[in-house]
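*Asks:*
Protein chains: 2
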Amino acid sequence: MSTTNTAASVPDVVAVGRVCIDIYPEQFGVGLADIRSFSKSIGGSATNVAVAAAQLGNSVRLVTRTGDDPFGDYARTEIARLGVDNTGITSVPGMKSVLTFCEVFPPDDFPLYIYREPTAPDMYLDEGDLPLDAIERAPIFWATATGLSREPSRSAHYAAWRTRGRRPNTVLDLDYRPMFWDNEEHAHTAVSEALDHVTITVGNLEECRVAVGESDPDRAADALLERGVELAIVKMGPHGVMARTRTERAVSRPIPVDVVNGLGAGDAFGGALCHGLLHGLTLQDTLDLANAAGALVATRPQCSLAMPNLADLTAFAAGAAEQASGTTSSV
Amino acid sequence: MSTTNTAASVPDVVAVGRVCIDIYPEQFGVGLADIRSFSKSIGGSATNVAVAAAQLGNSVRLVTRTGDDPFGDYARTEIARLGVDNTGITSVPGMKSVLTFCEVFPPDDFPLYIYREPTAPDMYLDEGDLPLDAIERAPIFWATATGLSREPSRSAHYAAWRTRGRRPNTVLDLDYRPMFWDNEEHAHTAVSEALDHVTITVGNLEECRVAVGESDPDRAADALLERGVELAIVKMGPHGVMARTRTERAVSRPIPVDVVNGLGAGDAFGGALCHGLLHGLTLQDTLDLANAAGALVATRPQCSLAMPNLADLTAFAAGAAEQASGTTSSV
Chain L
685 MSTTNTAASV PDVVAVGRVC IDIYPEQFGV GLADIRSFSK SIGGSATNVA
735 VAAAQLGNSV RLVTRTGDDP FGDYARTEIA RLGVDNTGIT SVPGMKSVLT
785 FCEVFPPDDF PLYIYREPTA PDMYLDEGDL PLDAIERAPI FWATATGLSR
835 EPSRSAHYAA WRTRGRRPNT VLDLDYRPMF WDNEEHAHTA VSEALDHVTI
885 TVGNLEECRV AVGESDPDRA ADALLERGVE LAIVKMGPHG VMARTRTERA
935 VSRPIPVDVV NGLGAGDAFG GALCHGLLHG LTLQDTLDLA NAAGALVATR
985 PQCSLAMPNL ADLTAFAAGA AEQASGTTSS V
Chain H
685 MSTTNTAASV PDVVAVGRVC IDIYPEQFGV GLADIRSFSK SIGGSATNVA
735 VAAAQLGNSV RLVTRTGDDP FGDYARTEIA RLGVDNTGIT SVPGMKSVLT
785 FCEVFPPDDF PLYIYREPTA PDMYLDEGDL PLDAIERAPI FWATATGLSR
835 EPSRSAHYAA WRTRGRRPNT VLDLDYRPMF WDNEEHAHTA VSEALDHVTI
885 TVGNLEECRV AVGESDPDRA ADALLERGVE LAIVKMGPHG VMARTRTERA
935 VSRPIPVDVV NGLGAGDAFG GALCHGLLHG LTLQDTLDLA NAAGALVATR
985 PQCSLAMPNL ADLTAFAAGA AEQASGTTSS V
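Which chain is which? The protein sequence lines are L and H, in order. Note that the numbering used here has the first sequence beginning at 685, numbered continuously upward. Note that the numbering used here has the second sequence beginning at 685, numbered continuously upward.
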């Protein structure tokens, strides 16, 4: 199996979370019943973020687990092919890899059909699977709320955070999918507890509501900052995206694009956020770059295969900034 | 939803059993990791048999249950489109439709990867789902051993057989897939008990061994006939297929073809067997027709979409018979 880093080096980013096989339609605008053919790629939120950060030129190690099947073999190989260190990604004996089907109804309806019964192999992530040295020392540690939905994955996350000691750039993607949880209260409790261990959160209004009970953007950010988070990023849908620290507030407005497939856009945002944090961009520039990455990937049909390299993203972001300054005043 | 028969009429065949969505590769000879695209069709043994019999011009009603999802809607619509009465096929709330992936390594290796956790919707078939009048009166009632692997499906099969009263042409396809059973002993017990209620069995040597503990073709047929079965059909792989009654023994030899995808061939055999039984063909002619149907479908990439009409099958069977008589003596 190929890997892009040795286990001994410390990557720029360690990401822990889901992996799945995306079985996506080759025909858009129709329901599953009328889809004639499907393509396959790797997906899952943390996997997509890892690929997105890697495609921008950063070294990334992904911590996850796959099914014990040919799809799992494919996932590990494809993770490496897309530039992410797959060292130590193991399969769970007797489990199938998770499959995600979708329907694509642009611009805003992308239903998912996820096969992950009785649960996902990545929920079997155990403390022993963690590269603790890399998690402690990496400039960025990225985790997702879904990782807290089942044991032993939840305990593994806490083991990682204990090692990390709430160093800067300990990110929690508030990633909330109701189907992965027993109920919303369970999710709220788990995510709320986790806020004590992270320094950056990323989530949309619904995810902020699950985390802190607030869905007004600024009130949600206030609540997150009060919990000790240093940077709260709130995705506000048609109102763009907001970043709040104790001293700064930045907003990046939506970039008008012809949406092809909105899936993966949020993960592209995450990968570019990592890039901005790693390279010392200002808060506004980081937010604008991440916002542009999301918009660019929304114009592309796939998720992990759609993540831009730095040249493409920079050009797209510059074009978007020029268009915005030419037509409207900045926020 | 369209149907091809009204509930009031009695079809030629009532088939009860599995339905799934086949997500099959569009590239053959490579593993899942290297498959770039997939097509979709309906599958599952009983579904394929129903379609095969219908494509030959017979009226067929399928009794099964689907997932509560767009794939389930597709399955019910596609069953009707392929000429099978879908009256009363319901979805099971909260369950997903079963997916079957395969790899195609001609001529003889076709691994399956079946997503049906925690179980299949068709295992929730209940006595209330059965069209008992049609089951009692139809010339052929077709069931499969897999239907006995879980409750309430197993009890529903017994309810059907009680209504049927071991009328002629009560078929049990010995269809055995280890993954559907707790263990082989469970399968043996269930299938063995079921033999008291059926008059025709169809199975390969492995399936006969599970049913009656014999894998020699004639000893297996003897054991099945001793249990009161009137016609035992034993598929002998490279040695062809054998049909035994208390007074007759017929063998149909393998038809040499360039195999494209062996999946579905056995179900094509089943559909043509129904046709022969319905139309009063001799035992040898029935067996030859069914054998030809299996060979023909093995030359085609799909399963349910590959089932021939009567003109195509008759022409293919005639060609095969001519080739056989010209090159070797008959069995």
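For every residue, glycine included, the Cβ atom is placed at its ideal position computed from N, Cα and C. Keep in mind the model is a prediction, meaning the values are calculated, not measured.
Using 8 Å as the threshold, is the C-beta distance between G751 (chain L) and S775 (chain L) below it?
*Replies:* Yes.
*Asks:* Does the distance from the C-beta atom of T847 (chain H) to that of L816 (chain H) stay below 8 Å?
*Replies:* Yes.
*Asks:* With a threshold of 16 other CB atoms inside 10 Å of the CB of Q1035 (chain L), please say whether the residue is buried or exposed.
*Replies:* The requested residue 1035 (chain L) does not occur in the structure, where chain L is confined to residues 685 to 1015.
*Asks:* Taking 8 Å as the threshold (C-beta atoms), are A895 (chain L) and G887 (chain L) in contact?
*Replies:* Yes, they are a contact pair.
*Asks:* Roughly how far, in whole angstroms, is the beta-carbon of N732 (chain L) from the beta-carbon of S988 (chain L), given that I think they are within contact range, below 8 Å?
*Replies:* That pair is a contact at about 5 Å.
*Asks:* Tell me the residue span of the alpha helix (DSSP H) that contains S837 (chain L).
*Replies:* Per DSSP, S837 (chain L) belongs to the alpha helix (DSSP H) from S837 to R848.
*Asks:* When the distance is taken between beta carbons, is C786 (chain L) closer than 8 Å to L947 (chain L)?
*Replies:* For L947 (chain L) and C786 (chain L), yes; Cβs fall inside 8 Å.
*Asks:* I'd like to know whether the C-beta of V703 (chain H) is nearer than 8 Å to at least one C-beta of chain L.
*Replies:* No, V703 (chain H) lies away from the interface with chain L (no Cβ there is under 8 Å from its Cβ).
*Asks:* State the Cα-Cα distance for the pair Y758 (chain L) and F722 (chain H), rounded to the nearest angstrom.
*Replies:* Their Cα atoms are separated by approximately 15 Å.
*Asks:* Please tell me whether P985 (chain L) has its Cβ less than 8 Å away from any Cβ of chain H.
*Replies:* Taking Cβ atoms only, chain H never reaches closer than 8 Å to P985 (chain L), which makes this a no.
*Asks:* Assuming R720 (chain H) and P805 (chain H) are in contact, meaning their beta carbons sit under 8 Å apart, how far apart are those beta carbons, in whole angstroms?
*Replies:* Not really, about 30 Å apart at Cβ, beyond 8 Å.
*Asks:* Nearest to L962 (chain L) by CA position, among L:R928, L:V855 and L:L889, is which residue?
*Replies:* Out of L:R928, L:V855 and L:L889, L:V855 has the C-alpha closest to the C-alpha of L962 (chain L).
*Asks:* Entirely within the stretch 914-989 of chain H and at least 3 residues each: give me those beta strand (DSSP E) ranges in chain order.
*Replies:* With a minimum length of 3 residues, the continuous beta strand (DSSP E) runs that stay inside the stretch 914-989 of chain H are 915-919, 925-928 and 933-936.
*Asks:* Count the other CB atoms within 10 Å of the CB of D793 (chain L); is the residue buried (16 or more) or exposed (fewer)?
*Replies:* Exposed, by the Cβ-count rule.
*Asks:* Quick check on DSSP: helix, strand or coil for L1016 (chain H)?
*Replies:* Coverage of chain H is limited to positions 685 through 1015, which leaves residue 1016 (chain H) absent and any answer about it impossible.
*Asks:* Could you give the distance in angstroms between the alpha-carbon of V697 (chain H) and the alpha-carbon of P777 (chain H)?
*Replies:* Using only the alpha carbons, I get a separation of about 28 Å.
*Asks:* Taking I707 (chain L) as the query, report the chain H residues whose CB atoms sit under 8 Å from its CB, ordered along the chain.
*Replies:* Neighbours of I707 (chain L) on chain H, chain order: I707 and F722.
*Asks:* Can you list the residues of chain L that I719 (chain H) reaches, using a CB-CB cut of under 8 Å?
*Replies:* Ordered by position in chain L, the residues that pass the 8 Å Cβ test against I719 (chain H) are K724.
*Asks:* What's the gap between the Cα of P985 (chain H) and the Cα of N945 (chain H)?
*Replies:* Their Cα atoms are separated by approximately 5 Å.
*Asks:* If I follow the unbroken alpha helix (DSSP H) through D706 (chain L), where does it start and stop?
*Replies:* Segment C704 to P709 is the beta strand (DSSP E) holding D706 (chain L); no alpha helix (DSSP H) there.
*Asks:* Counting pairs of Cβ atoms below 8 Å between the stretch 889-906 of chain H and the stretch 962-971 of chain H, do you hit three or more?
*Replies:* These segments do not touch.
*Asks:* DSSP has C892 (chain H) in a bridge; who is on the other side?
*Replies:* DSSP lists no partner for C892 (chain H).
*Asks:* Take the Cβ of H959 (chain L) as the centre, count every other Cβ of all protein chains shown within 10 Å, and call the residue buried at 16 or more, exposed below.
*Replies:* The residue is buried, with at least 16 neighbouring Cβ atoms inside 10 Å.
*Asks:* Work out the CA separation of A934 (chain L) and A916 (chain L) for me, nearest whole Å.
*Replies:* Approximately 11 Å, taken between the alpha carbons.
*Asks:* By the criterion of Cβ-Cβ separation under 8 Å, what are the contact partners of L783 (chain L) in chain H?
*Replies:* Within 8 Å Cβ-Cβ: L783 and Y799.
*Asks:* According to a CB-to-CB cut-off of less than 8 Å, which residues of the stretch 763-781 of chain L neighbour chain H?
*Replies:* Against chain H - using a Cβ distance shorter than 8 Å - the residues of the stretch 763-781 of chain L are K780.
*Asks:* What are the boundary residues of the beta strand (DSSP E) that includes G727 (chain L)?
*Replies:* Per DSSP, G727 (chain L) belongs to the beta strand (DSSP E) from S721 to G727.
*Asks:* Please report the Cβ distance between A730 (chain L) and L746 (chain L), rounded to the nearest whole angstrom; I am assuming they are in contact, meaning their Cβ atoms lie under 8 Å.
*Replies:* Indeed they touch by this definition, with Cβ atoms about 7 Å apart.
*Asks:* Put F785 (chain H) into one of helix, strand or coil per three-state DSSP.
*Replies:* Looking at F785 (chain H) - three-state DSSP - the assignment turns out to be strand.
*Asks:* Report all residues from its chain with a CB closer than 7 Å to the CB of N742 (chain H); omit the five preceding and five following residues, and keep chain order.
*Replies:* Counting only Cβ-Cβ distances below 7 Å, and skipping sequence neighbours, we find D696, V697, C958, H959 and L962.
*Asks:* Return the bridge partner residues of A699 (chain H) from the DSSP annotation.
*Replies:* A699 (chain H) is bridged to H:L746 and H:W826.
*Asks:* List the endpoints of the continuous alpha helix (DSSP H) containing L816 (chain L).
*Replies:* Its alpha helix (DSSP H) spans residues L816 to R821.
*Asks:* So who's on the other strand from D769 (chain L), going by DSSP bridges?
*Replies:* Answer by DSSP bridge pairing, in chain order: L:R745.
*Asks:* In the structure shown, what three-state DSSP assignment does V714 (chain L) receive?
*Replies:* Coil, per DSSP.
*Asks:* Determine the DSSP secondary structure at S899 (chain L), reduced to helix, strand or coil.
*Replies:* S899 (chain L) falls in the coil class under three-state DSSP.
*Asks:* I'd like to check one pair, S725 (chain L) with F755 (chain L): are the Cβ atoms closer than 8 Å?
*Replies:* Their beta carbons are not under 8 Å apart, which means F755 (chain L) does not touch S725 (chain L) by this criterion.
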